[in-house]
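Note sheet for the following structure.
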Amino acid sequence: MKKYLIATCLLGLMISASAQDRIKKAKGIRMMGTFSPAILTSIGEPVYYLTGHWNYYFNEHISLVGEGSYFMSSLKKPSEITANHKLLGGFNYHFKSQSRFDPFIGLQMGIGLVSGQSLQLINVKRLNEVVPLISPTVGMNYYVGSIFHFFGHVRFNSGTSLEAFAEKRNMDEWQLLVGLGLNFGVKKG
Amino acid sequence: MRIIVLGVLLWIPVFLQGQDNLGRVSFGLRSTISMFNHGENTVGRGVGGQFRVQLLDRLNTEWFADYLPGTLSANANRRDYHIGWSVMYYLKDHDQFKRSFLPYALAGHCFDYTRINVRDGGNFNVSYQDPNFRWTSAIQAGLGSHYNISQRLDLSLSAQYMMHFGKHLHLEESGNDITIYREDHGGIEGHLLVTLSMNYKFGIR
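So the protein lines, in turn, are chains D and G.
Using numbering that gives the first Met the number 0, read the first sequence as starting at 0 and increasing by one per residue.
Using numbering that gives the first Met the number 0, read the second sequence as starting at 0 and increasing by one per residue.
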């Protein structure tokens with residue numbers, strides 16, 4: 000019952016906001032922080048991150064993106080992965096101009112900081128390794144007002160670790176980012 | 000000689016007059032796949048950054064830095080660091096980058112630092128006859144195309160063949176023995192680089 004009430008309130012909020020003026024995002028910034036789940040496709044291992052993310056809108060269609068993900072833990076116990084932090088940068092292309100609904104596609108590139116441990120061999124030292132990453136992203140933001148927005152992004156982080164584990168390991172993963180973010184410089188039109 | 004150089008320098012502003020795109024700058028991030036590495040059947044995938052400075056309507060320049068790790072064998076890895084530049088010649092009029100696909104030819108030069116690392120945790124006897132790193136100089140040339148998502152934002156894909164000049168670094172494995180050595184004589188070794196980048200332009204009117 001509580002879920003339905005919350006969903007109804009959110010829907011009402013969105014409909015009410017839609018009826019209002021348009022949103023100008025050019026020269027504005029959106030920021031968010033969230034816990035984001037991900038799944039490593041090669042080994043089916045679920046992990047989660049603490050992720051911070053910002054966009055600067057050069058204009059209504061193009062934004063610069065910066066993101067950092069801190070590896071919190073794997074949900075598989077025990078796990079060989081001890082760290083898989085990420086730093087990414089890139090651009091998004093936003094399809095709609097001055098719209099509260101802000102669907103986009105993006106491409107980010109960056110590095111992963113990976114380290115692992117052997118579950119069989121105790122005294123084997125593993126290196127911390129810098130892994131190149133490429134991350135295509137699709138998603139949507141919904142600007143409730145000039146202060147905050149909802150977001151839902153899905154991204155595919157692709158990279159390969161050469162040294163952190165006993166063997167070369169594919170670190171490809173699907174990552175989901177959902178939550179509530181803040182805007183600065185975004186104006187009602 | 001001085002008079003010729005002075006004369007050329009004086010003519011540059013006249014030559015550049017009327018070039019709408021003079022000095023246009025873009026910056027971007029790039030992901031590079033390195034294939035057919037120096038005759039070894041390995042593929043490396045890297046990451047880097049770049050900026051471009053457009054000098055003429057049809058002539059752009061690209062300045063880049065890449066980090067490219069790759070496997071040499073089950074027991075050893077190779078890391079390449081590139082820093083360099085390319086000149087890009089647009090094969091078609093860019094029409095203020097309103098054209099979706101804009102092909103170009105590019106050629107340039109770069110410096111390369113290579114390092115070979117043997118994996119930890121194995122039972123190997125590693126012998127270093129030479130240091131496990133080297134610096135070389137390289138030239139590269141190829142073809143590419145922008146896909147202009149908008150006038151300011153482009154996705155670029157290029158393929159270039161890069162040839163390194165210098166003494167090659169090699170890894171030789173025999174049973175549990177691994178030897179890293181540098182060739183006595185200089186030579187040419189090459190690899191194919193396929194680069195995907197996304198770039199944002201400043202200075203569009």
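All C-beta atoms, glycine included, are put in the ideal place defined by N, C-alpha and C.
What would DSSP say about Q53(G), mapped onto helix, strand or coil? The sequence position of residue 53(G) within the second sequence is 54, counting from 1. Q53(G): strand per DSSP, three-state reduction.
One or two residues paired with F57(D) in a DSSP bridge: Taking the first residue of the first sequence as 1, we reach residue 57(D) at position 58. For F57(D), which the question treats as bridged, DSSP gives no partner whatsoever.
To the nearest angstrom, how far is it from the Cα of L191(G) to the Cα of S33(G)? Stepping through the second sequence from its first residue, residue 191(G) is reached at position 192. Stepping through the second sequence from its first residue, residue 33(G) is reached at position 34. Roughly 6 Å between the two C-alpha positions.
Starting from S30(G), find everything on chain D with Cβ-Cβ shorter than 8 Å and list it in chain order. In the second sequence, counting from the first residue as 1, residue 30(G) sits at position 31. Neighbours of S30(G) across chain D, judged by C-beta separation under 8 Å: M108, P131, I133.
Could you say which of I61(D), M31(D), V177(D), T159(D) lies nearest to H152(D) if we only look at CA atoms? Translated into the one-based positions of the first sequence, residue 152(D) becomes position 153. H152(D) has its Cα closest to that of V177(D), out of I61(D), M31(D), V177(D), T159(D).
Are M197(G) and S155(G) closer than 9 Å when you measure CB to CB? Residue 197(G) sits at position 198 when you count from the first residue of the second sequence. Residue 155(G) sits at position 156 when you count from the first residue of the second sequence. Going by C-beta atoms, M197(G) is nearer than 9 Å to S155(G).
Assign I165(D) to buried or exposed, taking buried as 16 or more other Cβ atoms, counted over all protein chains shown, within 10 Å of its Cβ. Stepping through the first sequence from its first residue, residue 165(D) is reached at position 166. Correcting the residue identity first, residue 165(D) is Ala in this sequence and not Ile. Label assigned to A165(D): buried.
Do R29(D) and N182(D) count as a contact pair if the criterion is CB distance below 9 Å? Here the question's residue 182(D) lines up with position 183 in the first sequence. Here the question's residue 29(D) lines up with position 30 in the first sequence. Yes, Cβ-Cβ distance for N182(D) and R29(D) is below 9 Å.
Identity of the residue in A163(D), L179(D), T40(D), K186(D) nearest T33(D) by Cα: Position 34 of the first sequence, counting from 1, holds the residue named residue 33(D). Here the closest residue by C-alpha is L179(D).
Residues of chain G with CB closer than 8 Å to the CB of Y92(D), please, in chain order. Indexing the first sequence from 1 puts residue 92(D) at position 93. Within chain G, the residues whose beta carbon sits less than 8 Å from that of Y92(D) are I148, S149, L152, listed in sequence order.
Interface partners of H152(D) on chain G, CB under 7 Å: For the purposes of this step, residue 152(D) is taken as the residue at position 153 of the first sequence. Within chain G, no residue comes near H152(D); the closest Cβ sits about 17 Å away, beyond 7 Å.
Beta-carbon gap between R77(G) and N116(G) smaller than 9 Å: Taking the first residue of the second sequence as 1, we reach residue 77(G) at position 78. Taking the first residue of the second sequence as 1, we reach residue 116(G) at position 117. Yes, these two residues count as a Cβ contact at 9 Å.
Residues of chain G with CB under 9 Å from I212(D), in chain order? Because chain D in this structure spans residues 0 to 188, residue 212(D) falls outside the shown range and cannot be described.
Bridge partners of N59(G), per DSSP? Within the second sequence, numbered from 1, the residue matching residue 59(G) stands at position 60. Paired residues: Q53(G), M87(G).
Complete beta strand (DSSP E) runs within the segment 16-82 of chain D (minimum length 3 residues, chain order): Correct list: 28-39, 44-56, 61-73.
From N83(D), L86(D), S134(D), H93(D), pick the residue whose C-alpha is nearest to that of Q107(D); which is it? Taking the first residue of the first sequence as position 1, residue 107(D) is located at position 108. Distances from the alpha-carbon of Q107(D) to those of N83(D), L86(D), S134(D), H93(D) put S134(D) closest.
Under 9 Å, Cβ to Cβ, is there at least one residue of chain D near Y60(G)? For this step, residue 60(G) is matched to residue 61 along the second sequence. First, the amino acid is wrong: residue 60(G) is Thr here, not Tyr. T60(G) does not count as touching chain D.
Going along the chain, which residues of the segment 49-83 of chain D sit with their C-beta nearer than 8 Å to a C-beta in chain G? Listed in chain order, the positions of the segment 49-83 of chain D with a beta carbon within less than 8 Å of a beta carbon of chain G are F57, N58, H60, I61, L63.
Let me see if you follow: with CB-CB separation under 9 Å, is K23(D) close to chain G or not? Looking up residue 23(D) in the first sequence gives position 24. With 9 Å as the cut-off, K23(D) does not count as an interface residue toward chain G.
I'd like the list of long-range same chain contacts for S78(D), defined as Cβ closer than 7 Å, with 5 residues on each side in sequence excluded. Your numbering for residue 78(D) matches position 79 in the first sequence. Leaving aside the five residues that flank S78(D) on each side, the residues in its chain whose CB is nearer than 7 Å to its CB run, in chain order, E44.
Straight-line Cα distance separating V130(D) from Y199(G): The count along the second sequence starts at 1 and reaches residue 199(G) at position 200. The count along the first sequence starts at 1 and reaches residue 130(D) at position 131. Their Cα atoms are separated by approximately 25 Å.
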